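Using our numbering, the first residue of the sequence shown is number -4, and each one after it goes up by one. Below: one structure, written as structure tokens.
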Amino acid sequence: MESADPSTGTLQALRRLVRALRLADRAAESRLGLSAAQLFVLERLAEGPVASMAELARRTLTDASSVSVVVQRLTERGLVVRATSQDDARRTTLRLSSAGKRLLGSAPRSPQADLLTSLQQLNAGERKELERLLERVVRAMGIDDSSPPPMLFEGEPRTRRRSSSRAPVARVRTRG
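Structure (structure tokens):
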């Protein structure tokens, strides 16, 4: 039975996408102790060392401030190594540590990598149109602030489910 509302298919597709990303993040967290964003950064560093945070930001398609938070956590866990550049002692390079390589070898592919591969299967015009439409939805929802968003499932506080039968109250924007 088809719905009369033409937005149903779009909303269903978005729900499937968000659910798949959320489940993959939880699986990475429980299996590896990493967020999906951390796994994605490790995958991008597996392509080879980077000479700057900006280079890693380009590889992860995010901004340097967002990826630096992830790198800090990975460095603290011993999965990423910061080393002085051989070319310029003032610069630092980032690379996977042995532990990072081992962990990545047993890890599933990150959901961001799957999403990126799927987006790259669209032609340039389709990707541009999808971006334009998503930006339009973001603006219409009033969530188009100027600060760069964190990497998917990184930097957002996790909330525990309440043990009571009452559902958490969501913040709703009112019209006015």
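From the three backbone atoms N, C-alpha and C, an ideal C-beta is built for every residue, glycine too. This one's a predicted model, so the numbers in the text were calculated from it and none came from an experiment.
query                                                                                                            : result
Unbroken alpha helix (DSSP H) run spanning alanine 78, endpoints                                                 : Unbroken run through alanine 78 is the beta strand (DSSP E), 75 to 79; no alpha helix (DSSP H).
Reduced DSSP category for arginine 54 - H, G, I as helix; E, B as strand; rest coil                              : helix
Beta-carbon proximity of leucine 37 to leucine 12, cut-off 8 Å                                                   : no
Validate contact between the region 127 to 145 and the region 39 to 47 using beta carbons, cut 8 Å, 3 pairs      : no
Alanine 59 beta carbon less than 8 Å from that of methionine 48                                                  : yes
Those runs of the alpha helix (DSSP H) which lie wholly inside the region 56 to 133 and span at least 4 residues : 59 to 71, 93 to 100, 106 to 115
CA-to-CA distance, isoleucine 138 to proline 144, given in whole angstroms                                       : 11 Å
Through-space distance from arginine 122 to glutamate 71, alpha-carbon basis                                     : 36 Å
Beta-bridge pairing of valine 45 - partner residues as DSSP gives them                                           : Leu89
8 Å Cβ cutoff met for serine 80 and alanine 46                                                                   : yes
Backbone secondary structure at aspartate 20 - three-state DSSP                                                  : helix
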